[in-house]
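In terms of the numbering used here, the sequence shown opens at residue 364 and continues consecutively.
Each residue gets a CB set at the ideal place from its N, CA and C atoms; glycine is no exception.
Note sheet for the following structure.
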Amino acid sequence: MKTPTAIGILAAYRTPECMQALQVFAEECAAAGISAYEIGPHTREDASLPAPDMLLCFGGDGSMLNAVQEAVRKDIVLGGVNLGHLGFLTACGRDEVAELVHALASGDYRVEERAILQARRAGFSGTDFAEHAHVALNEVALMRAETGKMIDVDVEVDGELLNKYHSDGVLVATPTGSTAYSLAAGGPLVSPAAGVLCITPICPHSLTIRTVVLPDSVTVTMRPRERRGRAGESTIFSLDGRSTHSIANNEALVVSKAPVPLRLLTLRGTTFGARLRAKLGW
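This is the structure:
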């Protein structure tokens with residue numbers, strides 16, 4: 364792979380571990396002749412700096428999820444140094460920063476294309492209410508705004524009814540998201556290279572309802588239905604658990620694979636099986 368010329372650093376949490384990792388990374392990049400600088404709330408914009416061709420998050424999966432939209436919009440590679448817990452999306456841990464820079468400098472790394480989702484609110488007639496599609500790397504989830512209450516939602520696949528769900532919610536997950544909310548809701552583990560989407564109910568009120576795995580070429584439409592005796596209760600949809608948006612009972616949420624993928628930094632030798640063993644303690 365090509366050695367990045369400029370790396371934009373995102374570091375939202377200024378912990379001692381983060382500051383130490385940032386210092387090592389800066390020193391290694393300087394020695395390798397790679398321009399690296401922080402961007403975000405802790406720094407000012409500097410027009411003299413070269414535009415980054417890679418974003419590197421110092422944090423956990425949450426920090427990386429916050430940067431997905433920016434990386435996709437700019438069509439640049441997104442990577443991460445894990446300072447959190449599982450770190451399924453990150454390329455390495457904080458003790459491997461020097462090795463990461465050496466891999467970048469030598470071009471000895473991989474860039475994986477990860478499918479992302481786009482979601483739009485629409486009327487029952489199909490009229491699009493959103494000026495732009497919301498995007499999510501892991502999942503789009505539809506649920507009741509008030510916690511502890513169930514939701515009734517009709518889910519259609521390419522215009523055909525799949526099921527009328529009675530559950531805490533329903534989510535549509537990518538293969539990348541199969542290790543996130545979908546896994547916690549009982550969904551399967553899916554290789555990031557698989558071209559599928561997973562429709563996973565959240566605590567369904569039926570023992571027979573399980574995740575449905577479909578080709579990622581389909582369009583999934585989720586239509587919330589008003590429950591008897593609960594008129595006026597609000598429904599929301601969330602994107603990777605990072606942002607929430609309201610949706611009315613006379614609207615629908617249309618979810619499909621986005622036309623442009625996320626380009627994710629991965630070190631060579633890191634396989635799906637190895638990641639599962641390391642992160643899940645197999």
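Hey, quick one: how far does the beta strand (DSSP E) through residue i stretch, first residue to last?
i	result
S619	E614 to K620
D579	Run containing D579: none; DSSP gives neither H nor E here.
L412	Unbroken run through L412: none, as it is neither H nor E.
S606	S606 to I610
L552	Run containing L552: none; DSSP gives neither H nor E here.
L480	L480 to G486
M417	M417 to G422
A369	A369 to L373
S398	S398 to E401
T598	T598 to L602
Just the Cα atoms here: how many angstroms apart are residue i and residue j?
i	j	result
A543	I397	33 Å
R586	G447	36 Å
G592	E462	At G592, the pLDDT of 49 sits below 50, so the modelled position is not reliable; the number obtained from the coordinates is stated separately. Near 60 Å, if we compare the C-alpha coordinates of E462 and G592.
G403	H568	44 Å
A508	G636	36 Å
Y528	P578	20 Å
M382	P622	37 Å
L570	A615	26 Å
R573	A399	46 Å
L505	A394	48 Å
R631	Y472	5 Å
T378	L628	24 Å
D603	L525	23 Å
K640	T634	In the sequence under discussion, the amino acid at residue 640 is Arg, which differs from the Lys named in the question. Answer to the nearest angstrom: the Cα atoms are 10 Å apart.
T598	T368	45 Å
I610	V575	24 Å
R432	G522	Checking the sequence, you will find Gln at residue 432 rather than Arg. Going from the Cα of Q432 to the Cα of G522 covers about 28 Å.
V460	V474	18 Å
S580	V387	43 Å
I439	M417	5 Å
N445	F421	6 Å
N612	G558	31 Å
N429	D517	30 Å
V464	T366	10 Å
A556	K620	14 Å
L643	H608	31 Å
F600	G550	19 Å
G371	A499	21 Å
Does the distance from the C-beta atom of residue i to that of residue j stay below 8 Å?
i	j	result
M364	G470	yes
L625	L412	no
G425	G450	no
V533	I565	yes
A374	E391	no
L480	V535	yes
T537	A548	no
G443	L467	no
V583	V618	yes
R484	A384	no
H497	A482	yes
C561	S541	yes
S545	E476	no
Which residues share a DSSP beta bridge with residue i?
i	result
P379	Note: P379 sits in no beta bridge, so no partner.
L627	L441 and E475
P587	V516
E523	V520
C455	V444
V559	P578
Grab the span of the alpha helix (DSSP H) containing residue i for me, first residue to last.
i	result
H568	Unbroken run through H568: none, as it is neither H nor E.
G342	With the chain covering 364 to 645 only, the question about residue 342 has no answer from this structure.
G636	F635 to L643
E462	V460 to S469
task = Only counting runs of 3 or more residues, tell me where the beta strand (DSSP E) segments fall wholly within the stretch 490 to 520, in order along the chain.
result = Entirely contained in the stretch 490 to 520, the beta strand (DSSP E) runs reaching 3 residues are, in chain order, 497 to 499, 502 to 507 and 514 to 520.
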